[in-house]
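Residue numbers (my numbering), protein chains in the order written: chain Z, 1 to 210; chain L, 1001 to 1210.
A quick write-up on the structure given underneath.
There are 2 protein chains.
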Amino acid sequence: MNALDRINKEALNLFAERGYYGTSLSMIAKAVGIRKSSIYAHYNSKDELFISVIKYVANIYKAETEQFFSKLKEQNQPVEHQLFQVFCWYMQLWIDKKDVTKLWRRVSVFPPEHLENDIKSISAETVAQSFHNELADIFRQGVENGELRNAPSGNLVNLFQILIDGILTARLLKGNEDTAELLHDGWHHFWSGIKGTDKRQTNTGEIINV
Amino acid sequence: MNALDRINKEALNLFAERGYYGTSLSMIAKAVGIRKSSIYAHYNSKDELFISVIKYVANIYKAETEQFFSKLKEQNQPVEHQLFQVFCWYMQLWIDKKDVTKLWRRVSVFPPEHLENDIKSISAETVAQSFHNELADIFRQGVENGELRNAPSGNLVNLFQILIDGILTARLLKGNEDTAELLHDGWHHFWSGIKGTDKRQTNTGEIINV
DNA sequence: CCTACCGATCGGTAGG
DNA sequence: CCTACCGATCGGTAGG
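Okay, here's the thing in C-alpha cells:
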C-alpha cells in the first residue's frame, strides 16, 4: 500500500470517527507514520483532502449500489423478496463498511458549513439519485402486479427510507448488537403496511395506477 | 439577559450548528460581545461549558416531555389519537426548538470521544428513559383494549422510534418544508401496521397479553 | 518524502 | 468583566 492510499485510509477513518474539525492533518500524518507536511505532496489543502475522501466514499456507495441492484434484477423474485434483500444488503453494508457509512452519514447530516454545497453536489450525483431510482422501479413493479397496495412509487420509496434511517439511527445510538430484534420487527411492520390487501388480486391488472 | 445567559445561548447555537470541535471559545465570546477570557469567570474549561449546555438541553427535553404527557393523560383519548398527538408534538418540537433538538441529535449520534460517557449518562437520566416509559404506557393500554395488535409494548415503542428517527433524518437532510407529505404518509403507514386487525375485538378483553 | 519555519488561533492563566 | 500573556497546535509554505 503506497503512501497516498495510506493517507486516504487513515483520513477516512479519522474523519468518520472525529469529524472534519476534530481531525487535524498532524493526526492523519501520525497515523500514517509520516510528517504533516508530506501530505501536501498529495493535496494542496485540508479541504482538498477532505473532499477527495468524501468523493471516494460516495463512489464506493455508488458502486456497491449498482452492483447489488444489477444482481438483484437478474433473479426476478417477487417484490417482497426483492425489498427484503435490499433491506438486508443495506444493513449489512453498515457492518461491513462501517467507516464509509458512518462518514457518509456524518457529512450528510452535519456537514462543515463551508463545504455543505460541495457535499450536496457529490451526494446528488452519486448516492441519492441512483438508490432512489432503483427502489422506485421495484415499488412500481409491486404496485402494478398487485403485490403492493396502490400508491405512488416515490411515496413508497420514502417510507422505505424512513425505515432504513430510523434503524440506522438506533444502530448509531445503541450499536449493531442491540438492534437485531429491531431489524426483524422493523421489516415486518414495514411490509405489513405496504403489501396489497388482497393477494387474489395479483396479476389481474385491475389496480394498475398512475 | 445577563452575561451568563447570553454565553449559554450563543454556545448552544454554535455547538448545534458547528459541533464541539468546530466551535471555539473566541467565537462564542465574539457572538456574546465579550472577551474570551471572560467566559472563565463562569466556567473553568470548554468541556465544562459544553457539558453545562448539554445538561440544559437535556432538561428542556425532559421538561417538555413531562409537560406534554401529563396534559395528554388528562384527556383520556383513544390510543390512536394519543399516539398521533405524540407524533405531532414531537415533530413540532423540532421546529419550535430547532437548536435544542439539533444539538441533542448531534451529540447523541456523534459525540466528542472524550465526553461520550458523560453524554450517555445525561441522556439516560433525563431524555431517553422518560420518553420510552411514557410511550410504553400508551402502547400497553392499546394492546389491552384491542386497539392495537398484540405485541410487547417495548417493541411497539421501538417501531415508533424508527418512524420518528427516520423522519427527522429526512428533515435534517432536506429541511422541514420538503417533508410535509412524508409526515402524513409516515404516520398512516405506521398506524396501519400496528392497529388491531379487527375493530370488533375492542374491549372484549380476549387479546389481553403478557 | 524530509527539516525548518510561518502567522494565526487554540484553550487556558495571571492579575486587576 | 478587562488587558496581557502562556505554550501548544493549527493549516500551510520554502526549499531540498
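Glycine included, C-beta positions come from ideal geometry on N, C-alpha and C.
Computed from a predicted model, the values in this text were never measured in an experiment.
Taking only beta-carbon atoms, is residue 1110 (chain L) less than 8 Å away from chain Z? At least one CB atom of chain Z sits nearer than 8 Å to the CB of residue 1110 (chain L).
Tell me which residues share the same chain as residue 1194 (chain L) and place their Cβ nearer than 7 Å to its Cβ, disregarding the 5 neighbours each side in the sequence. Cβ neighbours of residue 1194 (chain L) within its own chain (closer than 7 Å, five residues either side excluded): 1148, 1149, 1156 and 1159.
Report the three-state DSSP secondary structure of residue 970 (chain L) (helix, strand or coil). The question about residue 970 (chain L) has no answer, for chain L in this structure spans 1001 to 1210.
Check for me: the alpha helix (DSSP H) holding residue 81 (chain Z) runs from which residue to which? Element bounds for residue 81 (chain Z): 79-96.
Any Cβ of chain Z within less than 8 Å of the Cβ of residue 1163 (chain L)? Yes, residue 1163 (chain L) lies at the interface with chain Z (some Cβ there is under 8 Å from its Cβ).
Going by beta-carbon coordinates alone, are residue 1046 (chain L) and residue 1025 (chain L) separated by less than 8 Å? One thing to note: residue 1046 (chain L) has its Cβ within 8 Å of the Cβ of residue 1025 (chain L).
Among Z:1, Z:4 and Z:13, which one has its Cα closest to the Cα of residue 106 (chain Z)? Its Cα nearest to that of residue 106 (chain Z), the residue Z:13 stands out among Z:1, Z:4 and Z:13.
Roughly how many angstroms separate the alpha carbons of residue 1163 (chain L) and residue 1020 (chain L), rounded to a whole number? Rounded to whole angstroms, residue 1163 (chain L) to residue 1020 (chain L) spans 28 Å at the Cα level.
Local Cβ density within 10 Å of residue 1208 (chain L), reported as buried at 16 or more and exposed below that: Unreliable positioning characterises residue 1208 (chain L) in this predicted model, as indicated by a pLDDT of 21, which lies under 50. A coordinate reading is not provided.
Looking at the strands, I want to know which residues DSSP matches up with residue 1148 (chain L). According to the DSSP secondary-structure assignment, residue 1148 (chain L) is paired through a beta bridge with L:1195.
Against chain Z, with Cβ distances strictly below 8 Å, would residue 1145 (chain L) count as a contact? No, residue 1145 (chain L) does not count as interfacial toward chain Z.
Please report whether the beta-carbon of residue 1209 (chain L) lies at a distance below 8 Å from any beta-carbon of chain Z. At residue 1209 (chain L) the pLDDT is 25, less than 50, meaning the model places this residue with poor confidence; the figure from the coordinates comes in the next sentence. False, the Cβ-Cβ gap to chain Z never drops below 8 Å.
Which residues bound the alpha helix (DSSP H) around residue 1017 (chain L)? For residue 1017 (chain L), the uninterrupted alpha helix (DSSP H) segment begins and ends at 1003-1018.
8 Å contact criterion, which residue 1028 (chain L) and residue 1010 (chain L) should meet: CB distance rounded: Between residue 1010 (chain L) and residue 1028 (chain L) the Cβ distance is about 5 Å, and since that is below 8 Å, they are a contact.
Beta-carbon of residue 2 (chain Z) versus every beta-carbon of chain L: anything under 8 Å? By this cut-off, residue 2 (chain Z) is not an interface position.
Measure from the C-beta of residue 192 (chain Z) to each C-beta in chain L and report whether the shortest distance is under 8 Å. By this cut-off, residue 192 (chain Z) is an interface position.
Quick one: does residue 158 (chain Z) have its CB under 8 Å from some CB of chain L? Interface criterion met: the Cβ of residue 158 (chain Z) is under 8 Å from a Cβ in chain L.
Quick check: the segment 1077-1085 of chain L against the segment 1134-1141 of chain L, are there 3 or more CB pairs under 8 Å? Yes, they touch.
Would a C-beta distance cut-off of 8 Å place residue 1110 (chain L) and residue 15 (chain Z) closer than the cut-off? No, they are not a contact pair.
At which residues does the alpha helix (DSSP H) containing residue 1165 (chain L) begin and terminate? 1153-1174 is the span of the alpha helix (DSSP H), which, as asked, contains residue 1165 (chain L).
Within a Cβ cutoff of 7 Å, which residues of the same chain sit near residue 120 (chain Z), ignoring the five residues on either side of it in sequence? Answer for residue 120 (chain Z): no residue qualifies.
Going by beta-carbon coordinates alone, are residue 7 (chain Z) and residue 32 (chain Z) separated by less than 8 Å? A contact, by the Cβ cut-off of 8 Å.
From residue 1134 (chain L) to residue 1058 (chain L), what does the alpha carbon distance come to, in whole angstroms? The alpha-carbon atoms of residue 1134 (chain L) and residue 1058 (chain L) are separated by roughly 17 Å.
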